[in-house]
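Heads up, the sequence shown is in our numbering, so the first residue is 185 and it goes up one at a time.
Report on the following structure.
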Amino acid sequence: MPDKILKNNRGMALLVTLAIITVLIAVALEMNRKTRSVVFSAAASRDRITLSHMASSGIDIAKAMLITDKNNSNHDSLQEEWADSEKISELIQDIPFEDGTIKLTITDELGKIQINSLVAYPEGHAFNESQRDMWHRFLTLLISQNESLEDLEPDMIINSVKDWIDSGDDEAITGLNGAESDYYQDLDPPYVCRNAPFIHIGELALIRGITTEYFQLAGGVSGISSYMTVFGMTETGNNKVAYEGKININTADLPVLAAILPSGNPELAQAIYDYRLETSDSEYIHDLSSTTWYKKVPGLSDVEIDPKIITTSSDFFRIESLATLHEIKMKITAIVERKQNKKTGKWECRVLSWETE
Numbered sequence: 185m186p187d188k189i190l191k192n193n194r195g196m197a198l199l200v201t202l203a204i205i206t207v208l209i210a211v212a213l214e215m216n217r218k219t220r221s222v223v224f225s226a227a228a229s230r231d232r233i234t235l236s237h238m239a240s241s242g243i244d245i246a247k248a249m250l251i252t253d254k255n256n257s258n259h260d261s262l263q264e265e266w267a268d269s270e271k272i273s274e275l276i277q278d279i280p281f282e283d284g285t286i287k288l289t290i291t292d293e294l295g296k297i298q299i300n301s302l303v304a305y306p307e308g309h310a311f312n313e314s315q316r317d318m319w320h321r322f323l324t325l326l327i328s329q330n331e332s333l334e335d336l337e338p339d340m341i342i343n344s345v346k347d348w349i350d351s352g353d354d355e356a357i358t359g360l361n362g363a364e365s366d367y368y369q370d371l372d373p374p375y376v377c378r379n380a381p382f383i384h385i386g387e388l389a390l391i392r393g394i395t396t397e398y399f400q401l402a403g404g405v406s407g408i409s410s411y412m413t414v415f416g417m418t419e420t421g422n423n424k425v426a427y428e429g430k431i432n433i434n435t436a437d438l439p440v441l442a443a444i445l446p447s448g449n450p451e452l453a454q455a456i457y458d459y460r461l462e463t464s465d466s467e468y469i470h471d472l473s474s475t476t477w478y479k480k481v482p483g484l485s486d487v488e489i490d491p492k493i494i495t496t497s498s499d500f501f502r503i504e505s506l507a508t509l510h511e512i513k514m515k516i517t518a519i520v521e522r523k524q525n526k527k528t529g530k531w532e533c534r535v536l537s538w539e540t541e
């Protein structure tokens with residue numbers, strides 16, 4: 185009998201021991217999982233911090249390039265180093281990052297249509313007629329390139345954009361198809377007209393007549409948002425700003441080049457585009473400093489582009505810095521304005537917008 189009791193006690197002890205071991209193993213595994221999770225989380229946080237520094241360094245490099253360019257030239261074009269991806273890559277290679285890469289692009293914001301210049305400032309009431317004509321050519325071209333957009337009317341979009349911007353007109357609707365707050369209040373969800381300059385390109389998607397497709401993509405062609413900007417303002421005193429809306433003919437993309445031509449001719453726009461980049465022995469052969477250089481392009485000698493809508497210089501640029509580390513990516517997009525310091529006389533790059541994704 186005592187032997188039987190002893191055996192039962194030993195069996196029970198074994199079961200208890202196994203149970204304890206099982207619990208300890210489970211606890212150890214859970215602790216290991218949590219430890220690994222903390223380690224991985226710490227590593228990811230470390231990488232994100234490193235990526236942020238890398239991408240920010242790319243922005244600083246671009247700003248330095250733009251300042252150097254301003255000190256050396258009074259005009260801006262795609263012939264310059266800031267627009268040359270190979271030159272930028274060479275410069276980035278000199279940065280002593282142990283791991284990871286940076287991809288940097290710089291584009292001219294004045295190569296786009298300035299949305300707010302559709303209205304004449306600083307008054308902010310009436311159309312800027314030169315801009316209105318250019319908008320009509322631009323919208324007509326984009327609509328013609330996509331059958332799904334053929335029902336859109338350029339005038340409706342133009343009038344609605346003007347109504348979104350203008351102020352002091354007692355909510356008067358422009359033309360027969362503009363849109364003030366009454367129109368937008370009937371939508372779901374309702375909202376009101378800004379009645380002030382655009383502050384973000386995304387506001388275009390709120391405008392009557394601008395569909396999501398039209399805003400983003402139009403049949404393989406970049407949508408309206410790719411060719412427009414809210415930047416490019418100039419100070420006029422008394423804390424007021426104006427929007428000249430002059431487009432840099434040296435950096436504008438094809439649809440914008442077509443829009444600044446009186447005829448809106450895409451073929452002539454292509455000729456201008458190609459002329460800007462012609463080379464011989466790896467050297468650019470055309471001087472783009474004058475606002476009338478386009479007359480030297482075959483087929484354009486008799487063309488007169490409205491001087492109120494073109495320029496050959498810019499001080500507003502978009503910088504995109506993409507950092508990659510351990511298959512993790514971070515992109516910083518900054519809009520900068522080159523501005524001369526009144527005290528030192530030196531050129532600086534002031535950040536107007538900063539987005540991280």
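Backbone N, C-alpha and C define an ideal beta-carbon position, used for all residues, glycine too.
Item                                                                                                                                   : Value
Extent of the continuous beta strand (DSSP E) to which residue 502 belongs                                                             : 500-509
Beta-carbon contacts of residue 541 that lie in its chain and below 7 Å, excluding the five residues immediately before and after      : 515
Integer Cβ distance of residue 237 from residue 472, believed to fall under 8 Å                                                        : Residue 237 to residue 472, Cβ: 36 Å. No contact.
Residue 517 and residue 485 closer than 9 Å at C-beta                                                                                  : no
Three-way DSSP call (helix, strand, coil) for residue 386 in this model                                                                : helix
CA-to-CA distance, residue 288 to residue 314, given in whole angstroms                                                                : 35 Å
Residue 465, buried or exposed, once every other Cβ within 10 Å from all chains shown has been counted against 16                      : exposed
7 Å CB neighbourhood of residue 415 in its chain, flanking five on each side removed                                                   : 293, 500, 519 and 536
Where the beta strand (DSSP E) containing residue 341 begins and where it ends                                                         : Careful: residue 341 lies outside any beta strand (DSSP E), inside the alpha helix (DSSP H) at 338-349.
Residue of 387, 441, 435 and 277 minimising C-alpha distance to residue 323                                                            : 441
Segment contact, 8 Å Cβ cut-off, at least three pairs: the stretch 418-427 with the stretch 232-249                                    : no
Residue 339 to residue 361 span [Cα, whole Å]                                                                                          : 8 Å
Ordered list of alpha helix (DSSP H) runs contained in the stretch 368-444, each at least 4 residues                                   : 396-400 and 438-444
Segment contact, 8 Å Cβ cut-off, at least three pairs: the stretch 384-395 with the stretch 252-271                                    : no
Cβ pair residue 241, residue 432 closer than 9 Å                                                                                       : no
Through-space distance from residue 467 to residue 278, alpha-carbon basis                                                             : 25 Å
Cβ-based burial, residue 506 [other Cβ within 10 Å; buried from 16]                                                                    : buried
Backbone CA spacing between residue 462 and residue 454 [nearest angstrom]                                                             : 12 Å
Buried versus exposed, by CB contacts within 10 Å (16 or more), residue 234                                                            : buried
Rounded separation between residue 375 and residue 303 - CA only                                                                       : 22 Å
Element boundaries [beta strand (DSSP E), containing residue 292]                                                                      : 285-292
Local conformation of residue 454 per DSSP, three classes                                                                              : helix
Distance CB(residue 429)-CB(residue 343) smaller than 9 Å                                                                              : no
Beta-carbon contacts of residue 327 that lie in its chain and below 6 Å, excluding the five residues immediately before and after      : 333 and 336
Contacts around residue 459, its chain only, beta-carbon distance under 7 Å, and the 5 residues preceding and following it disregarded : 470 and 481
Outcome for residue 296 when other beta-carbon atoms lying within 10 angstroms are tallied against a minimum of 16                     : buried
Where residue 448 falls, given that 16 or more other Cβ within 10 Å makes a residue buried                                             : buried
Option in 437, 346, 504 and 399 with minimal Cα separation from residue 359                                                            : 346
Where residue 530 falls: helix, strand or coil (DSSP)                                                                                  : coil
Cα-Cα separation, residue 476 to residue 320                                                                                           : 23 Å
Neighbourhood of residue 253 by C-beta distance below 8 Å, restricted to the same chain and skipping five residues each side           : 260, 264, 265 and 266
Buried or exposed (CB count within 10 angstroms, at least 16 for buried), residue 526                                                  : exposed
Buried or exposed (CB count within 10 angstroms, at least 16 for buried), residue 443                                                  : buried
Distance between residue 282 and residue 166 (C-alpha atoms, nearest Å)                                                                : Any answer about residue 166 is impossible in this case: the structure gives the chain only from 185 up to 541.
Helix, strand or coil at residue 524 according to DSSP, with G and I counted as helix                                                  : strand
Buried versus exposed call for residue 310 [16 or more other C-beta atoms within 10 Å across all chains shown]                         : exposed
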